[in-house]
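Peer 1:
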Amino acid sequence: MIDVSLLGWLLVTLTSPLSLVLLVVALGSVAYIGVTALAAAPPRRGARAIGTGVAACALAAGMIGLRVGAGAGAAVSTAAVGIAAAAALGATAACAWTFGAAGAAALGAARARRRAAALRAGDERRRLLAASQRAYIEGDDLAAETAAADAAVERLRAAVGGLEDARAALEARRGAARGDDGDGGERGAEDGPRAEQAEGASALAEDLARACDEAATRVSMGRRVLAAAEAAALRIACNAPLRRLLRRRPREAMQALATLGAGAIAQAAASIEAFLGEVRAARAEVAAIAGRRAAGGGAGSGAAEGPASVALGELAAMESAYGALLERLRLSELHASTRASVEQVESAAGALSAAARAAAIDPAALGALVTEIARAESAVAAAAPEAGGSRALAEALAEGSLALDRSDATSLSELIAALRELR
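Once you know that position 173 of the sequence shown is 169 in our numbering, the rest is easy, because the numbers rise by one and skip nothing.
Here's what the structure looks like:
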C-alpha cells in the first residue's frame, strides 16, 4: 500500500507500485495533451508565463509537503509524482488561460456584433421613420393618390373609347344591312326565294338595331361615369396642395407662441411668413392644375370650376387668416421693441436721477459749514475785537440762519462773502 499525502493530509492510497506508475503516466499524459493543445491553439500573451509560474509553484509545494510512500524509495517516487503533477498543473493552467481568453474574446466579439447589429437596426428604423415623416410632410402619398386617380381616368377613357368604336362599327353594319334590305325588297316581288332572304335581312336589321341601342346606352353611361371620374380626379388633384399645407402648417411655432409668450414672436413670425409663401405657391399650383385639365378636355367647364374654385377659396381663407396673424405678430413685435426702448430710457433716467440726488447739496451739511465758519469768525473777533464787530456778526449769523431755515435761494458763496465783509 502506497499512501500519497500533502502537508500531512492523505490524498489517495495506491494498492501497488503499478498504480504509482500509472498515476505518473496519467499526469504526464495530461501535461502532454496540454502542451499539444497549446501548440495547436493561437498564441496568447502571458500563457507561457502563467503555465511556468503555476508549474514552479506546484513543484515547490510538492517538494515541501508531498509524500509518496515511506522508506528509502519514497524520495524517488515523491519526486516523480511531484514533477508530473507540476507539469500537468502548469499545462492545464496555460490551457485554461489560453482557451478562456479566446472564449472571452469570442464572447466579446459576439456581444460587439450584436450591439453593432442593434445599432444598425436602430439607425435603419430611425432612417425609415424620418423618411416616412419626410414623405408624409412632402405629400408623396398625395402625389401617388393623384397619379393613381389619373391612371384610372385614362383607363376609363380608353374603355369608353372602345365602347364608342364598337357602337360605330354596329352603326356601320346596321347601315349596310339597311341597304341590302332595300334591294331585297325590290326583287322580292319577282320570285319567292328572294322574299325569304328579305325576311332574314329584316330580322338581322332588328338585331342590329337592338345592339346599336344597347351600345348607345352603354356609351352614354360610360360617358357619365367618365365625367364623374374626371371630376373626382380633378377634385383629388386640387385638394392635394391644400391637404399638404394642412400637414405642413407651423404647429411648433404656434405652440411656442402660446406657451412662451412674447419671447417666441420673431420665430413664429418667420415660420408663418414661410408658410404663407407655401400657401401662395399652392394657389398657383391649383390654378395651373385647373387650367391644364380644362385645356386638355379632361372635364367639363363646370367640373373644372367646382373643385378648383373650392380649393382656391380654402387657400385664400388660409392665406387671409395667417396673414392677419402675421400682421398682429409684427405689431406685437414693434410694441415689444418700443416697450424695451421705453424701459431703457426709464432705466437711464432713473440712474441719472439717482446720481443727481446723490450729487445734491445736503442742507444739514451746509448749515454745519456755516456754523463752523461763524465759530471761526467769532474766535477771530474775540482775539482781535473791533468796535461794532460783534453786533454785525450777530446780525449776519441771524440772517444766514433765517435764510437756511426758509430754504431761500441765497447761495453758500453769498453767505461766505457776507461773513468775509465783517472782518
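No residue lacks a Cβ here, since even glycine has one placed at the ideal position from N, Cα and C.
Is it right to say Glu248 is buried, meaning 16 or more other beta carbons lie within 10 angstroms of its own, or is it exposed?
Peer 2: Exposed.
Peer 1: Would you give the residue range spanned by the beta strand (DSSP E) that Thr9 belongs to?
Peer 2: It spans 5 to 10 - the beta strand (DSSP E) in which Thr9 sits, taken as one unbroken run.
Peer 1: Answer with buried or exposed for Ala246, where buried requires no fewer than 16 other C-beta atoms within 10 angstroms of its C-beta.
Peer 2: Residue 246 is actually Pro in this sequence, not Ala. By the 10 Å Cβ count, Pro246 comes out buried.
Peer 1: Could you give the distance in angstroms between the alpha-carbon of Val77 and the alpha-carbon of Ala98?
Peer 2: Roughly 31 Å separates the two Cα atoms.
Peer 1: Expressed to the nearest angstrom, what Euclidean distance is found between the alpha-carbon atoms of Met59 and Thr32?
Peer 2: Going from the Cα of Met59 to the Cα of Thr32 covers about 26 Å.
Peer 1: Taking Cβ positions, are Ala89 and Val50 nearer each other than 8 Å?
Peer 2: Yes, Cβ-Cβ distance for Ala89 and Val50 is below 8 Å.
Peer 1: From Ile232, Val282, Leu23, pick the residue whose C-alpha is nearest to that of Ala140; which is it?
Peer 2: Nearest C-alpha to Ala140: Ile232.
Peer 1: Using DSSP with H/G/I as helix, E/B as strand and the rest coil, what is Arg63?
Peer 2: In this structure, Arg63 counts as strand in the three-state DSSP scheme.
Peer 1: Suppose you measure from the CA of Glu7 to the CA of Ala87; what does that come to, to the nearest Å?
Peer 2: It is worth fixing the name first, because residue 7 is Leu in this sequence and not Glu. Approximately 22 Å, taken between the alpha carbons.
Peer 1: Taking its Cβ as the centre, do 16 or more other Cβ atoms sit within 10 Å of Thr94, making it buried, or is it exposed?
Peer 2: Buried, since its Cβ has 16 or more Cβ neighbours within 10 Å.
Peer 1: Return the first residue and the last residue of the alpha helix (DSSP H) that Pro38 is part of.
Peer 2: First-last for Pro38: undefined, no H or E at that position.
Peer 1: Please name the residue, chosen from Ala52, Leu311, Ala229, that lies closest to Ala143 on a Cα-to-Cα basis.
Peer 2: Of the candidates Ala52, Leu311, Ala229, the one whose C-alpha sits nearest the C-alpha of Ala143 is Ala229.
Peer 1: Taking Arg239 as the reference, which of Arg41, Glu274, Gly30 has the closest Cα?
Peer 2: The candidate whose alpha carbon is nearest that of Arg239 is Glu274.
Peer 1: Is the beta carbon of Arg219 sitting closer than 8 Å to the one on Val156?
Peer 2: Cβ distance < 8 Å, so Arg219 and Val156 count as in contact.
Peer 1: For Met250 and Ala312, I'd like the C-alpha separation in whole angstroms.
Peer 2: Going from the Cα of Met250 to the Cα of Ala312 covers about 20 Å.
Peer 1: How many angstroms separate the CA atom of Leu3 from the CA atom of Arg63?
Peer 2: Approximately 8 Å between the Cα atoms of the pair.
Peer 1: Going by alpha carbons, who is nearest to Phe271 out of Glu202, Leu242, Glu167?
Peer 2: Comparing Cα-Cα distances from Phe271 to each of Glu202, Leu242, Glu167, the minimum goes to Leu242.
Peer 1: So which of Val72, Ala43, Gly47, Ala35 has the shortest CA-CA distance to Leu16?
Peer 2: Ranking the options by Cα distance to Leu16, first place goes to Val72.
Peer 1: For Leu55, does the count of other Cβ atoms within 10 angstroms reach 16, so buried, or fall short, so exposed?
Peer 2: So Leu55 ends up on the buried side.
Peer 1: What does DSSP give as the partner residues of Ile(-2) in its beta bridges?
Peer 2: The partner list for Ile(-2) (beta bridge, DSSP) reads Leu10.
Peer 1: Within this structure, are the beta carbons of Asp(-1) and Gly65 separated by less than 8 Å?
Peer 2: Yes; because the gap between Cβ atoms is below 8 Å, this pair is in contact.
Peer 1: Classify Ile268 as buried or exposed, calling it buried when 16 or more other Cβ atoms lie within 10 Å of its own Cβ.
Peer 2: Buried, by the Cβ-count rule.
Peer 1: Report the rounded CA-to-CA distance for Ser333 versus Ala320, giving the unit in angstroms.
Peer 2: About 20 Å.
Peer 1: When burial is assigned at 16 or more other CB atoms within 10 Å of the CB, is Arg109 buried or exposed?
Peer 2: Counting Cβ neighbours within 10 Å, Arg109 comes out exposed, since fewer than 16 surround it.
Peer 1: Under three-state DSSP, which class holds Pro237?
Peer 2: Helix at Pro237.
Peer 1: Could you check what DSSP says for Gly135 in three-state terms: helix, strand or coil?
Peer 2: The answer is coil: DSSP assigns Gly135 none of H, G, I, E or B.
Peer 1: Whose C-alpha, out of Ser12, Ala304, Ala168, Arg169, is nearest the C-alpha of Pro237?
Peer 2: The candidate whose alpha carbon is nearest that of Pro237 is Ala304.
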